[in-house]
Amino acid sequence: MSETRITLPTWDGRAKFQYEGSVHQGTTVYVGRNFKHKFTIKGNDYASMLAQFSGQEVSIGTSFSNPPKGSLGEWLKGKHSRCGTSYVGPILISEGFAERGADRDRIRVRRLST
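Residue numbers for the sequence shown follow my numbering, so the first one is 14 and each next one is one higher.
Structure (structure tokens):
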């Protein structure tokens, strides 16, 4: 992973987190007070996520315990023990793979070029 951490606001903007790496390489996400806690999302997981949601606007699904059916959060929770869409959504937007949807709880994933 890269040694430079990027700081972003969470999806709802009430907190900040840091990450290093990239969507292509995979990311290590640092959360909590002083960014002490971390988790990793592999590049191939991002690739699968982007393929699954390519060209779609869906619910971001930030609920850790019960993300809405068909949401990015439900998909991510199925792949990882935690639902990290409060962090993954902003990373996707920061790196140009997505944008905020029509409503505040929606994300529009850019269509993958083939």
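Where is the CB? At the ideal position from N, CA and C, for every residue including glycine.
On a predicted model such as this, the values are computed, not experimentally measured, just so you know.
Pair within 8 Å by beta-carbon distance, residue i and residue j
i, j, result
"Leu-85", "Ile-73", "yes"
"Ile-19", "Gln-38", "no"
"Val-44", "Tyr-100", "yes"
"Gly-34", "Thr-41", "yes"
"Thr-75", "Thr-98", "yes"
"Asp-58", "Lys-90", "no"
Range covered by the alpha helix (DSSP H) that runs through residue i
i, result
"Glu-87", "85 to 92"
"Thr-41", "Element bounds for Thr-41: not the alpha helix (DSSP H) but the beta strand (DSSP E), 39 to 44."
"Ile-73", "First-last for Ile-73: undefined, no H or E at that position."
"Leu-105", "98 to 107"
Delimiting residues of the beta strand (DSSP E) encompassing residue i
i, result
"Phe-66", "Note, Phe-66: premise wrong, no beta strand (DSSP E); alpha helix (DSSP H) at 56 to 66."
"Val-122", "119 to 122"
"Gly-34", "29 to 35"
"Ala-115", "Where Ala-115 is concerned, there is no enclosing beta strand (DSSP E), given that its DSSP letter is neither H nor E."
"Thr-20", "19 to 22"
Beta-carbon contacts of residue i that lie in its chain and below 7 Å, excluding the five residues immediately before and after
i, result
"Trp-88", "Met-62, Gln-65"
"Gly-114", "Glu-70, Ile-120, Arg-121"
"Phe-110", "Val-36, Leu-63, Val-122, Arg-123"
Close Cβ partners of residue i (< 6 Å) along its chain, the five nearest in sequence each way excluded
i, result
"Pro-81", "Ser-72, Gly-74"
"Gly-102", "Trp-24, Ile-73, Ile-120"
"Arg-117", "none"
"Lys-55", "Gly-39"
Cut-off 8 Å between Cβ atoms - residues of its own chain near residue i, not counting five sequence neighbours on either side
i, result
"Asn-47", "none"
"Lys-51", "Thr-41, Val-42, Tyr-43, Val-44"
Check whether the segment 52 to 70 touches the segment 109 to 127, counting contact only when three or more Cβ pairs, one atom from each stretch, lie closer than 8 Å.
-> yes
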